[in-house]
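Asks: Numbering (our numbering), first residue to last: 613 to 1198.
After the structure tokens below, expect a handful of questions from me.
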Ligand code: SRM
Ligand code: SF4
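This is how it looks when you write it as structure tokens:
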């Protein structure tokens, strides 16, 4: 694999690759993080996963395998609600596994949905979790059931490889096809990019599907050390930015001319993750660096990955995402390398505009007369409760629905391509199971996201999914008091600053600091192109509501027409605008 590339300007102003120096991706134990060693020693992601699964002494896997199973779409977890009690009883933590299926664009057929739900009933906690990247998760799968569950997922013609790990992950795309032709084409690109960037190792088949052992594997794009860190790709179709394209390492914005998809604007360097108190880490919105036509999409995707592979930081993992590589090289420096790697230059970016980054609820009809229904699913948790039977209801719908189930990038579910004759039946099943299509919730609730956090996430510092509903109840009281309950405000809450609910793109962002305490961020745009900024630190619910009340009152009294809350707090001088990550802490 080549790595350090020197670029010279030719007389005609073109760039040219003139020298190949060292391979920076080669593992160097004196410098590189231990995860690099694990990757190198793993024989292309095999490690000791198979013996780990067979070890009956513990519910866990071996230390190095903890990292490797992520590439296979699996995280080891333990129920944090039970941790102390088990410690007191001198028991090992109650280990179980979260499995994430990689589903490009979040699209599954009814049959696939039924089988996934059956696996949830048999082997996991009896629920499915829709993620902010259009994937399904099963929580609480015990080690003894891992292989059967993964094999079951593969039987549905879906898989879990590269759902996590230092590779390109689930590729997202806008899920709601009002204009079916463009959506269908974009969805095909979602699949092609996902396929193109998939690891080629046979380890997955060997470990989980009892595939034949292959002596060596090759990774033509990634090489033996894969990427320095996770890598995420999304495609947006204007005017909707529901995929939050600017939060991705690599984004594409579909450009349509005269009803035809002609190519994509390319966006690089988005990301949300940061650490409290460490200013070398920051969220960042991606830069639009140009336009590529359809013949160039795969080359652009591959070469952004390759530049990151070769120039990303392999020493300090928290500084290893593409956004830091770009800020280290400078955007122009990065783009120059990209052009040299791919052998062509991008054209200037084309015009586009976004109107919001949320979902559109309820029924819509597409240009072919098919119907699509977006349902509100709180934090993407498909579960039966006393009030709502979402798990059973969706399963019943899947039995009569011949179209697809599409996950929205905001953790909601779209029942897609419904025949007109089935519309009524679906409505009545929803009623029977008390499932909302978003008609009773306030627009702010419908525009809220919370990450998983407690009890399964090992990195959570505060509650998110379990707490958001009661917080929104209280926020709604304030919105009602100032007669602004009908206005949508994006609220994003996470249990820590890793940013899984994209909290730094929330008009109101709450990021967990400690149990019951959050940092409050304000001022992101309603379209997902501007980050928010820290407004108050480490405050509890009462303090948050006290901080928000005067701002909401001011918004009710002084907003300019349809002005959004995020824009308003900036115009009124309540908070400074953050145009990019490097300004986030200033
Ligand atoms: Fe995430 C780690 C859940 C989307 C940034 N994320 C985790 C882990 C696996 C915790 C861990 O490492 O042990 C969480 C598992 C919790 C659980 O019990 O399920 C977790 N992330 C999620 C999901 C399920 C949140 C959700 O409520 O939907 C999302 C799954 C997406 C998927 O299908 O692939 C999820 N995570 C995101 C996003 C949003 C996005 O991609 O649009 C981000 C911010 C964007 C980004 O990557 O910059 C995100 N997750 C992280 C990070 C910080 C990465 C960084 O650059 O620093 C971590 C921690 C890490 O990687 O070390 C993390
Ligand atoms: Fe866990 Fe933090 Fe991600 Fe929430 S943001 S799921 S608490 S890692």
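Quick reminder that beta carbons are idealized off the backbone N, C-alpha and C, glycines included.
(1) Starting from the N-terminal end, write out each residue whose C-beta falls within a distance shorter than 5 Å of any non-hydrogen atom of the ligand SF4.
(2) For residue 703, count the other beta carbons within 10 Å of its own beta carbon; 16 or more makes it buried, fewer makes it exposed. Which is it?
(3) For residue 1073, which of helix, strand or coil comes out of DSSP?
(4) Just curious, the beta strand (DSSP E) that residue 928 is in, first and last residue?
(5) Roughly how many angstroms separate the alpha carbons of residue 664 and residue 1093, rounded to a whole number?
(6) For residue 956, which three-state DSSP category applies?
(7) Quick one: is residue 1073 buried, meaning 16 or more other Cβ sit within 10 Å of its Cβ, or exposed?
(8) Give the list of continuous alpha helix (DSSP H) stretches no shorter than 4 residues that lie fully inside the region 1007 to 1060.
(9) Tell me which same chain residues have a C-beta within less than 8 Å of the C-beta of residue 831, skipping the five on either side of it?
(10) Please report how far the alpha carbon of residue 825 lies from the alpha carbon of residue 817, in whole angstroms.
(11) Would you check if the distance between the CB atom of residue 1097 and the CB atom of residue 1054 is smaller than 7 Å?
(12) Report all residues from its chain with a CB closer than 6 Å to the CB of residue 967; omit the five preceding and five following residues, and keep chain order.
(13) So, helix, strand or coil for residue 1122, using DSSP?
(14) Looking at the strands, I want to know which residues DSSP matches up with residue 1131.
(15) Looking only at its chain, what residues have a beta carbon closer than 6 Å to the beta carbon of residue 746, apart from the 5 residues adjacent to it on each side?
(16) Check whether the Cβ atoms of residue 849 and residue 909 lie closer than 7 Å to each other.
(17) Take residue 943 and list the residues in its own chain whose beta-carbon comes closer than 6 Å to its own, dropping the five residues that flank it on each side.
(18) Suppose contacts are defined by Cβ-Cβ distances below 7 Å. Is residue 720 in contact with residue 1017 by that definition?
(19) Does the region 1034 to 1049 come into contact with the region 969 to 988, if we say contact requires no fewer than three beta-carbon pairs (one atom in each stretch) closer than 8 Å?
(20) Compare the Cα-Cα distances from residue 714 to each of 758, 766, 700 and report the closest residue.
(21) Please report the Cβ distance between residue 1013 and residue 994, rounded to the nearest whole angstrom; I am assuming they are in contact, meaning their Cβ atoms lie under 8 Å.
(22) Would you tell me roughly how many angstroms separate the C-alpha atoms of residue 644 and residue 1182, rounded to the nearest one?
(23) Hey, would you say residue 1186 sits closer than 7 Å to residue 891, going by beta carbons?
(24) Taking 6 Å as the cut-off, is the beta-carbon of residue 687 closer than that to any non-hydrogen atom of the ligand SRM?
(25) Taking residue 652 as the reference, give the member of 789, 1173, 686, 834 with the closest Cα.
(26) Would you mind reading off the limits of the beta strand (DSSP E) that contains residue 905?
(27) Classify residue 733 as helix, strand or coil using the three-state DSSP reduction.
(28) Note the first and the last residue of the continuous alpha helix (DSSP H) segment covering residue 598.
(29) When every heavy atom of the ligand SRM is checked, does at least one fall within less than 6 Å of the C-beta of residue 728?
(30) Going by the DSSP bridge assignment, what does residue 1003 pair with across the sheet?
Replies: Quick look at the numbers:
(1) 1063, 1064, 1065, 1069, 1071, 1072, 1106, 1107, 1108, 1110, 1112
(2) Counting from one through the chain shown, the residue named residue 703 turns up at place 91. When all chains shown are included, residue 703 counts as exposed.
(3) For this step, residue 1073 is matched to residue 461 along the chain shown. Note: residue 1073 maps to coil in three-state DSSP.
(4) Here the question's residue 928 lines up with position 316 in the chain shown. Per DSSP, residue 928 belongs to no beta strand (DSSP E) and is neither H nor E.
(5) Here the question's residue 664 lines up with position 52 in the chain shown. Here the question's residue 1093 lines up with position 481 in the chain shown. Between residue 664 and residue 1093, the C-alpha separation is close to 57 Å.
(6) Position 344 of the chain shown, counting from 1, holds the residue named residue 956. Residue 956 carries a coil assignment under DSSP once its states are collapsed to helix, strand and coil.
(7) The residue labelled residue 1073 in the question sits at position 461 within the chain shown. Buried is the call here.
(8) 1032 to 1044, 1055 to 1058
(9) As a working note, residue 831 is residue 219 in the chain shown. For residue 831, where only same-chain residues beyond five positions count, the Cβ hits under 8 Å are 656, 811, 812, 813, 838.
(10) For the purposes of this step, residue 825 is taken as the residue at position 213 of the chain shown. For the purposes of this step, residue 817 is taken as the residue at position 205 of the chain shown. Cα to Cα, the separation comes out at about 9 Å.
(11) Locating residue 1097 in the chain shown gives position 485, where the first residue counts as 1. Locating residue 1054 in the chain shown gives position 442, where the first residue counts as 1. Their beta carbons are under 7 Å apart, which means residue 1097 touches residue 1054 by this criterion.
(12) Position 355 of the chain shown, counting from 1, holds the residue named residue 967. Listed in chain order, the non-local C-beta contacts of residue 967 below 6 Å within the same chain comprise 851, local neighbours out to five positions each way being set aside.
(13) Position 510 of the chain shown, counted from the first residue, corresponds to residue 1122. In this structure, residue 1122 counts as strand in the three-state DSSP scheme.
(14) Here residue 1131 refers to the residue found at position 519 of the chain shown. In the DSSP output, where bridge partners are listed per residue, residue 1131 has 1123.
(15) Locating residue 746 in the chain shown gives position 134, counting from the first residue. Counting only Cβ-Cβ distances below 6 Å, and skipping sequence neighbours, we find 718, 784, 1019, 1021.
(16) Sequence index remark: in the chain shown, residue 849 carries index 237 (1-based). Sequence index remark: in the chain shown, residue 909 carries index 297 (1-based). The answer is no: Cβ separation not under 7 Å.
(17) Numbered from 1 along the chain shown, position 331 holds the residue referred to as residue 943. Once the five neighbours on either side are set aside, the close Cβ partners of residue 943 are 899.
(18) By one-based count along the chain shown, residue 720 stands at place 108. By one-based count along the chain shown, residue 1017 stands at place 405. Yes, they are a contact pair.
(19) yes
(20) To locate residue 714, count along the chain shown from 1; it is residue 102. Here the closest residue by C-alpha is 766.
(21) Sequence index remark: in the chain shown, residue 1013 carries index 401 (1-based). Sequence index remark: in the chain shown, residue 994 carries index 382 (1-based). At roughly 15 Å, the Cβ-Cβ gap does not stay under 8 Å, so residue 1013 and residue 994 are not in contact.
(22) Stepping through the chain shown from its first residue, residue 644 is reached at position 32. Stepping through the chain shown from its first residue, residue 1182 is reached at position 570. So the alpha carbons of these two residues sit roughly 42 Å apart.
(23) For the purposes of this step, residue 1186 is taken as the residue at position 574 of the chain shown. For the purposes of this step, residue 891 is taken as the residue at position 279 of the chain shown. Not closer than 7 Å, so no.
(24) Mapped onto the chain shown, residue 687 falls at position 75. In this structure, residue 687 has its beta carbon less than 6 Å from a heavy atom of the ligand SRM.
(25) Against the chain shown, residue 652 aligns to sequence position 40. If we check each option's Cα against that of residue 652, 834 comes out closest.
(26) Here the question's residue 905 lines up with position 293 in the chain shown. Its beta strand (DSSP E) spans residues 899 to 905.
(27) Stepping through the chain shown from its first residue, residue 733 is reached at position 121. Helix at residue 733.
(28) What is shown of the chain runs 613 to 1198, which leaves residue 598 out entirely.
(29) Numbered from its first residue, the chain shown carries residue 728 at position 116. No, Cβ of residue 728 sits at least 6 Å from all heavy atoms of the ligand SRM.
(30) As a first step, residue 1003 must be located in the chain shown, where it is residue number 391. In DSSP, residue 1003 forms no bridge with anything.
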